[in-house]
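Undergrad: Below are the structure tokens for one structure; questions will follow.
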Amino acid sequence: MPKMKTRKAAAKRYKVTANGKVKFKKQGLRHILTKKNSERKRNLRKAGILSEAGLPEVKRLLPYEF
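Here my numbering is used: the first residue of the sequence shown is 79, the next is one more, and so on.
Shown next, in the form of structure tokens:
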């Protein structure tokens, strides 16, 4: 059986931690920043953790990460 290919777009967006959680960069910090308050922008800088509902999809896109 041939090897499965990793989706490179997903590999650039998601990182799997040592405990098996999936880390990603939050959206909304690229432009139109003047109307967002400082606290909101500060929280957007932190990495997000993917919920359990999104894990099966990421596992399919990144077959060798888990």
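For glycine and all other residues, C-beta sits at the position ideal for the given N, C-alpha and C.
These figures come from a predicted structure and were not determined experimentally.
What are the boundary residues of the alpha helix (DSSP H) that K86 is part of?
TA: The sequence position of residue 86 within the sequence shown is 8, counting from 1. That run of the alpha helix (DSSP H) goes K86 to R91.
Undergrad: With distance defined between alpha-carbon atoms, name the residue in I127, R108 and R85 nearest to N97.
TA: As a working mapping, residue 97 is identified with position 19 in the sequence shown. Nearest of I127, R108 and R85 to N97, Cα basis: I127.
Undergrad: Taking the Cβ atom as the reference point for each residue, do K113 and K101 lie within a distance shorter than 8 angstroms?
TA: Your numbering for residue 113 matches position 35 in the sequence shown. Your numbering for residue 101 matches position 23 in the sequence shown. No, the pair does not count as a contact, with Cβ atoms beyond the cut-off.
Undergrad: For A125, which residues does DSSP report across the bridge?
TA: Along the sequence shown, one-based indexing puts residue 125 at 47. K103, per the DSSP bridge assignment.
Undergrad: Roughly how many angstroms lie between the CA atoms of L111 and R91, to the nearest whole one?
TA: Position 33 of the sequence shown, counted from the start, is the residue given in the question as residue 111. Position 13 of the sequence shown, counted from the start, is the residue given in the question as residue 91. The straight-line gap from Cα to Cα measures roughly 22 angstroms.
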